[in-house]
Every structure is written in C-alpha cells, then in structure tokens.
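Student: For the sequence shown, position 309 matches number 309 in full-length UniProt numbering, and the numbering has no gaps at all.
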Amino acid sequence: MVSVDNIATKLYSLISVNSATGDEFNEWKPLGQERDGSFIFSWVHTKEQESRTHIGIYEYDKNLLSPVYSFPKKVNCTQASTNSDKTLLAFVIKETDEETKESTYKPYLYKIGTHFDDAYDWKLERNRQIMVQFLYPRVSVLSENQPAKLLVLVHHEYIFQYQVKLKTDNIEDDCLSQETLVGKFLWAQWDPEQQTLYYIHNRKRNRIIAYSEGEEESNAGNDKITPTLSGLQFNDEVPHETVLNIPLNLPHLTVSTSSCLIYEDDAIPLRIHDCSLDLIVLTDPNGIVCVCHHYLYQPIQPVVDLKDEDSSPVHFAYSVTVLHQSCVLHCVIPDIPWNKAKKIRPLFKIEGLFP
1 MVSVDNIATK
11 LYSLISVNSA
21 TGDEFNEWKP
31 LGQERDGSFI
41 FSWVHTKEQE
51 SRTHIGIYEY
61 DKNLLSPVYS
71 FPKKVNCTQA
81 STNSDKTLLA
91 FVIKETDEET
101 KESTYKPYLY
111 KIGTHFDDAY
121 DWKLERNRQI
131 MVQFLYPRVS
141 VLSENQPAKL
151 LVLVHHEYIF
161 QYQVKLKTDN
171 IEDDCLSQET
181 LVGKFLWAQW
191 DPEQQTLYYI
201 HNRKRNRIIA
211 YSEGEEESNA
221 GNDKITPTLS
231 GLQFNDEVPH
241 ETVLNIPLNL
251 PHLTVSTSSC
261 LIYEDDAIPL
271 RIHDCSLDLI
281 VLTDPNGIVC
291 VCHHYLYQPI
301 QPVVDLKDED
311 SSPVHFAYSV
321 TVLHQSCVLH
331 CVIPDIPWNK
341 AKKIRPLFKI
351 EGLFP
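1. Less than 8 Å between the C-beta atoms of D265 and T104, yes or no?
2. For the 8 Å Cβ check, are there 3 or more pairs between the region 109 to 118 and the region 61 to 72?
3. Report the three-state DSSP secondary structure of G263 (helix, strand or coil).
4. To the nearest angstrom, report how far apart Y295 and V17 are at their CA atoms.
5. Just list the residues that DSSP pairs L151 with in beta bridges.
6. Which residue spans inside the region 48 to 117 form an unbroken beta strand (DSSP E) run of at least 3?
7. For the pair the region 275 to 295 and the region 321 to 340, tell me if three or more CB-CB distances fall below 8 Å.
8. Short check: CB of H293 to CB of L282, under 8 Å?
9. Mark L88 as exposed unless 16 or more other C-beta atoms lie within 10 angstroms of its C-beta, in which case mark it buried.
10. Please classify L186 as buried or exposed, where buried requires at least 16 neighbouring CB atoms within 10 angstroms.
11. Return the residue from the list K307, P247 and A90 that minimises the CA-CA distance to L135.
12. Going by DSSP, name the residue or residues bridged to A317.
13. Assuming L41 and K29 form a contact by the criterion Cβ under 8 Å, report the distance between their Cβ atoms to the nearest whole angstrom.
14. For residue 418, count neighbouring Cβ atoms within 10 angstroms of its own Cβ and tell me buried if that reaches 16, exposed if not.
15. In whole angstroms, what separates the C-alpha of K184 from that of G231?
16. Is it true that the CB of E172 sits closer than 8 Å to the CB of F160?
17. Can you tell me where the alpha helix (DSSP H) holding N249 begins and where it ends?
18. Just mark R271 as buried or exposed, buried being the case when its beta carbon has 16 or more other beta carbons within 10 Å.
19. Near L176, which residues of its chain fall below 6 Å by C-beta distance, leaving aside the five closest residues on each side in sequence?
20. Do you know offhand how far K349's Cα is from D169's?
21. Just to confirm the assignment, what range does the alpha helix (DSSP H) spanning T168 have?
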C-alpha cells in the first residue's frame, strides 16, 4: 500500500494543466487501489456553472492521471475497479432519495474508450452496499482470449464472480458468465496485493459428542452457529481456494441504535460492511494476519436506545487478534460520551516485523 501527502493538490495540478480559465476541480475521492499500485479517483469538474463527475486512473510511479469515464452530471460514485490491462472499468453509483433519505446502490461495467452511454447496467439495485473488484492475474501479459474476472459483492446477500469476454465494443448479457462464490455474509474485505477475499459469515460448528454404550444419540444442540472468518485465495492455476476458516469471538454490540444499515463506503482498503461491525484485516507478504475489531458497548444493563446527541457514557473497546501468534490484545477505554465515542475510529497499522 502507498500513502501520499497532499494527493488532492498533486492530482489537481495534473488535471488542470490544459483546462480553461475559471474551470474548477474539486471533491477528490479515492475509489479503489489495484494490485499494480494504481489508484482510482473521482473528482467534480465545474465549468460555466455546470458540474460533472469524472473517474480517472492515477499511476503513482509515473505521476500520471488518466481520465477514463465522464458522467453527464454530478453523481456520487462510491467505488470503482479496473482490470489489469485497463480496458474495463466497473463502478458503483449511490443514489439517495431527498425525501426518504434512503440510498440505492447500482453497479455498472464500462469498456474504456467507448461512449459513456455504453456502460452496461446490471439492473441490480439494492439499499444494501454493493462493491465491485477485478481480479489481477500473476502473469504480466494476458492472452486475447482470456476473460477478465470480476467480483460483485452485495452485502448480506452473495458474492458473485463474473467472467467478462467481449465480442464487440458493446457489453451485452451474453458477454458475462457468473458463479456464486459466497452466500449470505456479514462483512468482507479485499486484499489487492495477496488477491485474497476475506469475509465473515455465520457457520455451523459440529461438535463431536461421545456416547456410552446403550445411550441414544441426540442431535439437540449439536450444531452451533458462530461467526467465522474465511479467506478465498485467487490465482491463475485454479479459480480459487479456501485458505482460512477461523471462528471469531466478536462481542455483541449492545449499544442500541437505529443506524445499523449506515455505510461508510470504504474503498481503500475495499471493505463492505455497515456500522454494526467495524473490523479490518491487516496482512503483509511475510504471513502476518491481524484481525482488528472496534466496538462500543453500554456498561449498565439494560441498554437504552441512544440518540445522536445523547451524552450517556459508553465503553470504547478494540481488540487485535494476531492469528500467526495465536494471541489477542484487548483494550477498553471507559466512560466516553456516546455523541463523541460514535465518531471515533481507531487506526490500525502494521509497523516493523514480528519476531
């Protein structure tokens, strides 16, 4: 991963070189990061009081920003991804109803270089978060007949893998074939460097019970549902393989609120989740895997429904599960006012190497 200071200023200087006097470029937003180190950004271009949203690919090593898509108006694009040879762009639009305040996510697929009206509409609309992500092969050169592989994630529903093979410049239904990888899930995160999809789902844990001779076997209570962190590894040789299945002890969020379906649309790293589960996985090429979980809870029972400006005290807690060391680090900061605690987000980062 790459961190860049004053990135908005740098991008503005790249895009405004050939612009007319009076043109404005603002509202810079990261939409994704790919395995090759490239970033995807959106920005709003205002010219003669007309505003339009644009998407571009920023190559950090070359300090080059290439516009690849222009919307006819200003929109809220929450996330995007490009394939390895930069010929396809997948993106997600979030539309919010001004009266009901309900949001709808809509994914699209676009062949770079064609007219913006040619973007393929999946006709998939959900009030739950949707994200898209292209897989990157390890080989440096793709054959012309090799289809692009794309993940489509719909929160609480499924994760699809699409294979995209274009026959013409237009993207039609018969250009895509799909495979369901994951059913209902609670949380997911994409690791672009390792090409690994982490996700949390409820899974049955079968317990082995020994019975004495003559005792009747009973299945009551034999299956227990528990949150499980799984990992799918993608590579060129096989479609995917499961590399992780670990039961998680996630403390229940006991602060009762009405905001359980509020999304923050985290694009870097790509995470699909609502505010009921704030969790992130940190990895590095040496095999380090840390599961970092942040939550709030009320120390006094029974819990009450807290409003946005309520100053009732809650406990701010976070834990780091270090999988490769089989240990858990836990911290609780007591008595923080709810209206402040709900705005605090811990920053988790790997520094140096573990022994």
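For each residue, glycine too, the CB sits at the ideal point set by N, CA and C.
For clarity, every value in this text was computed on a predicted model and none was experimentally measured.
Tutor: The relevant details are as follows:
1. On the sequence shown, residue 265 is found 265 positions in, with the first residue counted as 1. On the sequence shown, residue 104 is found 104 positions in, with the first residue counted as 1. The answer is no: Cβ separation not under 8 Å.
2. yes
3. Counting from one through the sequence shown, the residue named residue 263 turns up at place 263. Per the sequence presented here, residue 263 reads as Tyr, with Gly not at that position. The answer is coil: DSSP assigns Y263 none of H, G, I, E or B.
4. The sequence position of residue 295 within the sequence shown is 295, counting from 1. The sequence position of residue 17 within the sequence shown is 17, counting from 1. Roughly 45 Å between the two C-alpha positions.
5. As a first step, residue 151 must be located in the sequence shown, where it is residue number 151. Q133 and Q161.
6. 50 to 59, 64 to 70, 77 to 82, 88 to 96 and 103 to 111
7. yes
8. Looking up residue 293 in the sequence shown gives position 293. Looking up residue 282 in the sequence shown gives position 282. In this structure, L282 does not lie closer than 8 Å to H293 by Cβ.
9. Here residue 88 is taken as the residue at index 88 of the sequence shown, counted from 1. Looking at its Cβ environment, which holds 16 or more other Cβ atoms inside 10 Å, L88 is buried.
10. Numbered from its first residue, the sequence shown carries residue 186 at position 186. Classification for L186: buried.
11. The count along the sequence shown starts at 1 and reaches residue 135 at position 135. Answer by Cα proximity: A90.
12. For the purposes of this step, residue 317 is taken as residue 317 along the sequence shown, with counting starting at 1. DSSP, once it has assigned bridges, lists Y295 and V332 as partnering A317.
13. Along the sequence shown, read from residue 1 onward, the residue named residue 41 stands at position 41. Along the sequence shown, read from residue 1 onward, the residue named residue 29 stands at position 29. Note on residue identity: the sequence assigns Phe, not Leu, to residue 41. Contact holds; Cβ gap of about 7 Å.
14. Because the chain here runs from 1 to 355, residue 418 falls outside it and cannot be looked at.
15. For the purposes of this step, residue 184 is identified with residue 184 of the sequence shown, where counting begins at 1. For the purposes of this step, residue 231 is identified with residue 231 of the sequence shown, where counting begins at 1. Between K184 and G231, the C-alpha separation is close to 15 Å.
16. Taking the sequence shown and counting its residues from 1, one reaches residue 160 at position 160. Taking the sequence shown and counting its residues from 1, one reaches residue 172 at position 172. Not in contact: F160 and E172 (Cβ atoms no closer than 8 Å).
17. Residue numbering aside, residue 249 sits at position 249 when the sequence shown is read from its first letter. It is not in any alpha helix (DSSP H) - N249 carries neither H nor E in the DSSP assignment.
18. Along the sequence shown, read from residue 1 onward, the residue named residue 271 stands at position 271. So R271 counts as buried.
19. Within the sequence shown, the letter at position 176 stands for residue 176. Here the set comprises Y162 and V164.
20. Walking along the sequence shown from the start, residue 349 turns up at place 349. Walking along the sequence shown from the start, residue 169 turns up at place 169. Roughly 43 Å between the two C-alpha positions.
21. Residue 168 sits at position 168 when you count from the first residue of the sequence shown. No alpha helix (DSSP H) contains T168, which DSSP labels as neither H nor E.
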